[in-house]
Amino acid sequence: MLMAVGRHWASAIAQFPARLARRKNELLRVLERPEIPLHTNASENDLRACVIKRKISGGTMSADGRLARDVMLGLSKTCRKLGLSFFTYLGDRLGLNTDQPKISPLADLIHSA
């Protein structure tokens with residue numbers, strides 16, 4: 104058993120340079136677009152709330168519930184990153200904030216950011 108594991112790692116190590124060569128353009132994209140982070144910390148942090156919520160609640164009862172949860176969580180995270188109040192934005196979209204100036208659609212805010 105131990106020998107088989109050792110052979111597997113040796114094979115993986117031997118194939119590594121070829122894998123790097125195949126993905127060269129993808130790996131060097133950061134040189135063309137320096138705004139791309141070299142790590143996935145932000146993405147993993149965005150998913151953390153979903154995972155914690157799922158562990159606490161046991162998940163959703165339906166596909167519609169899962170979609171609704173994911174949409175609201177995505178909107179909430181996007182608003183936070185743009186410095187907007189999620190509830191103010193939601194109220195604006197639902198037409199409840201008649202006494203406040205209209206908030207631009209998130210797509211426009213993201214594009215201008």
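Mapping the sequence shown onto the numbering used here, position 73 (from 1) lands on 176, and the numbers just tick up by one. Note that the Cβ used here is the ideal one computed from N, Cα and C, for glycine as well.
Check, Outcome
"Beta-carbon proximity list for residue 145, same chain, < 7 Å, skipping 5 on both sides", "none"
"Residue environment, residue 116, which counts as buried when at least 16 other CB atoms sit within 10 Å", "exposed"
"C-alpha distance - residue 198 paired with residue 151, whole-angstrom precision", "31 Å"
"Nearest to residue 185 (by Cα), restricted to the options 209, 169, 196", "209"
"Residues near residue 200 by beta carbon distance below 7 Å, same chain, minus five either side", "191, 194"
"Nearest to residue 179 (by Cα), restricted to the options 153, 141, 215, 158", "153"
"Simplified DSSP state of residue 118, which is helix, strand or coil", "helix"
"DSSP-derived helix/strand/coil call for residue 206", "coil"
"Cα-Cα separation between residue 136 and residue 130, rounded to whole angstroms", "11 Å"
"Pair within 8 Å by beta-carbon distance, residue 133 and residue 123", "no"
"Per-residue DSSP class, three states only, for residue 175", "helix"
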